[in-house]
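Here's the structure, in structure tokens; my notes come after.
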Amino acid sequence: MSSRTENSIKNVKFGILLQFSNIILRFAVRTVFVYSLGPKYLGIGSVFNNIFSILSLAELGIGTAIAYDMYKPVSINDTYKIKQLLDFYRKFYYGIGGLIIAAGVCILPFLFYFI
Numbered sequence: 002m003s004s005r006t007e008n009s010i011k012n013v014k015f016g017i018l019l020q021f022s023n024i025i026l027r028f029a030v031r032t033v034f035v036y037s038l039g040p041k042y043l044g045i046g047s048v049f050n051n052i053f054s055i056l057s058l059a060e061l062g063i064g065t066a067i068a069y070d071m072y073k074p075v076s077i078n079d080t081y082k083i084k085q086l087l088d089f090y091r092k093f094y095y096g097i098g099g100l101i102i103a104a105g106v107c108i109l110p111f112l113f114y115f116i
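Position 57 of the sequence shown, counted from 1, bears residue number 58 in my numbering, the numbering being contiguous throughout.
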């Protein structure tokens, strides 16, 4: 059986491998877009790519906090605490979603300046 340290090292190696493959694939996709669609569509694609990047930043690392906070209640089968945490996280995500929608509506009239 592997130790926790060995498993952590494997995890880090796999994470690095995935990051490098992600970089290579992004470069390849961008190159294909430039040659097949042209720079106009690449610009539009970049705008939407940036929007999705901002949305992923809006997650604010709460996924890690959820996993950390949920570990003990799940391990001891504390369904009441699990329900409380999930309700809190749902409200938090709705709040973040509302802020993103509000910011999007405010930026919408100026979107043609970015494209």
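Glycine included, each C-beta is placed from N, C-alpha and C at the ideal position.
Legend entry - Segment contact flag, the segment 94-101 with the segment 55-73, C-beta cutoff 8 Å, min 3 pairs: yes
Legend entry - Every unbroken alpha helix (DSSP H) within the segment 23-102, with a cutoff of 4 residues, ordered by chain: 40-58 and 63-76
Inset, instruction - With DSSP collapsed to three states, give me the class of residue 4. - result: coil
Inset, instruction - With a cut-off of 8 Å on the beta carbons, I'd call residue 74 and residue 86 a contact; round off their distance for me. - result: 7 Å
Inset, instruction - Express the C-alpha separation of residue 112 and residue 26 in angstroms, rounding to a whole number. - result: 28 Å
Legend entry - residue 89 versus 66, 34, 20 and 36, residue with shortest Cα-Cα distance: 66
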